[in-house]
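Just so you know, we're using our numbering here: the sequence shown kicks off at 363 and counts up by one. The beta carbon of each residue, even a glycine, is placed where N, CA and C say it ideally should be. Some notes on the structure that comes next.
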Amino acid sequence: MIIEKKQSNSVNHNEAFTFSIMIPSWNNLRFLQLCIDSIKKNSALKHEIIVHVNEGSDGTIEWVRAQEDISYSFSNENIGVCYALNSCRTLASTDYLLYMNDDMYACPNWDLPLFEEINKIGHKYFFLSATAIEVIKQSNCSIEKNYGTSPQNFNEALLLKEFNELPMQDWQGATWPPNIVHKDIWDLVGGYSIEFSPGMYSDPDFSMKLWNIGVRYFKGIEKSRVYHFGSISVKRIKKNKGYYTFINKWGITSSTVSKYYLKRGEKFDGPLEKSIIPFKNRIKNYFKILVSTIVIGKNR
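Written out as structure tokens, the structure is:
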């Protein structure tokens with residue numbers, strides 16, 4: 363249950379912001395502090411910061427309450443990333459909603475390439491992702507380089523020296539945070555789907571919802587870079603059966619969407635067009651639907 367919300371004094375004083383940065387956090391205070399500090403010192407533009415505090419028993423809620431320039435909502439238990447993001451949305455005051463994990467460090471001028479890309483696109487039907495540098499890359503959309511696994515052993519100086527030199531290219535299939543979407547598009551698809559709570563497979567589900575309303579510009583921006591310590595909260599939660607929920611909802615696997623719809627990780631070459639799904643893959647999806655019906659049925 364969400365028991366508390368507060369708008370920052372900066373919003374109340376009508377300061378001009380570019381993005382509303384929404385950060386769900388679950389007893390991750392040291393990471394959250396590092397994340398927010400990096401946003402404040404490394405952003406080229408001024409942004410609104412909104413945190414949803416899940417539980418906050420490690421001192422997070424007390425710290426966030428004391429920050430006059432941060433908007434926040436608070437639940438006294440962990441309600442997961444989907445509810446958390448939707449709660450943050452109710453506090454956002456800008457046109458652009460950016461989802462960032464609390465275990466991320468924003469590299470210098472990370473925000474400028476995103477803003478320049480938005481201005482170049484010239485319409486609302488887009489979904490953009492920044493590019494993550496990770497200790498062990500979790501997908502072909504990220505860069506693998508170890509600069510530390512926690513705030514305690516984080517080699518910030520070396521990251522700041524090297525982050526721009528690590529090879530990468532703009533890529534297809536924006537999905538992972540940090541990601542950004544226009545508020546009207548967020549509202550049109552209803553934000554993050556709560557049937558995926560606490561959050562597994564909510565990212566590809568959001569991309570699929572965008573696809574279904576006509577979004578075809580899914581771009582990962584290589585010059586917008588963050589360091590990702592590595593899904594700290596995900597390792598602690600009891601995971602939902604998001605894989606089967608996704609198949610039951612959309613009639614295809616998330617990997618099919620990634621490969622044949624979003625072409626995730628391929629070199630960006632413009633707006634997407636749906637590829638023909640091979641017969642073998644269609645048969646595989648058919649059997650996955652049957653399995654998902656059984657699995658989801660057992661959990662009702």
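- The beta-carbon distance between S564 and Y579, rounded to whole angstroms, is 21 angstroms. This is too long to meet the 8 angstroms contact definition.
- The Cβ atoms of E557 and T607 lie closer than 8 angstroms to each other.
- Per DSSP, reduced to three states, the secondary structure at F393 is helical.
- CA-CA distance, K545 to F488, rounds to 11 angstroms.
- For N416, the pairing in a beta bridge is given by DSSP as W388, S437.
- With contacts defined as CB atoms closer than 8 angstroms, N517 and N471 fail to qualify as a contacting pair.
- Pairwise C-beta distances place the stretch 473-491 in contact with the stretch 533-551, as three or more of them are shorter than 8 angstroms.
- In this structure I383 is buried. Its beta-carbon is surrounded by 16 or more other beta-carbon atoms within 10 angstroms.
- Counted as a single uninterrupted DSSP element, the stretch harbouring R578 is not any beta strand (DSSP E), since DSSP gives it neither H nor E.
- The three-state reading of DSSP puts E410 in strand, counting E and B together.
- As for any alpha helix (DSSP H) of minimum length 4 sitting wholly inside the stretch 484-544, the runs are 518-524, ordered along the chain.
- When rounded, the separation of the alpha-carbon atoms in H409 and C397 is 14 angstroms.
- In the three-state reduction of the DSSP assignment, L460 falls in the strand class.
- Closest in C-alpha terms to N448, from the list S637, P560, D631, F630, comes P560.
- Contact between M462 and P540 is confirmed by a C-beta separation of about 5 angstroms, below the 8 angstroms threshold.
- Cβ atoms of S491 and A536 come within 8 angstroms of each other, at about 4 angstroms.
- DSSP, reduced to helix, strand and coil, places R587 within a strand of the structure shown.
- CA-to-CA, the gap between D631 and Q534 works out to about 8 angstroms.
- Spatial neighbours of L550 in its own chain (CB-CB distance under 7 angstroms, excluding positions within 5 residues in sequence) are listed in chain order as I575.
- Cβ atoms of D532 and E496 stay farther apart than 8 angstroms, at about 18 angstroms.
- The beta carbons of T456 and G582 sit no closer together than 8 angstroms.
- Collapsing the DSSP output to three states places M570 in a helix.
- By the Cβ test, the stretch 615-623 is not in contact with the stretch 413-433, since fewer than three Cβ pairs between them sit closer than 8 angstroms.
- Per DSSP, I423 lies in no beta strand (DSSP E); the unbroken alpha helix (DSSP H) holding it starts and ends at 422-427.
- Residue pairing by DSSP places E628 in no beta bridge whatsoever.
- A direct Cα-Cα distance of roughly 33 angstroms separates N440 from K625.
- For I383, the pairing in a beta bridge is given by DSSP as I411, L460.
- Inclusion of Y458 and F381 in the CB contact set at 8 angstroms is warranted, their separation being smaller than that value.
- Straight-line measurement puts the Cα of L572 at about 21 angstroms from the Cα of E478.
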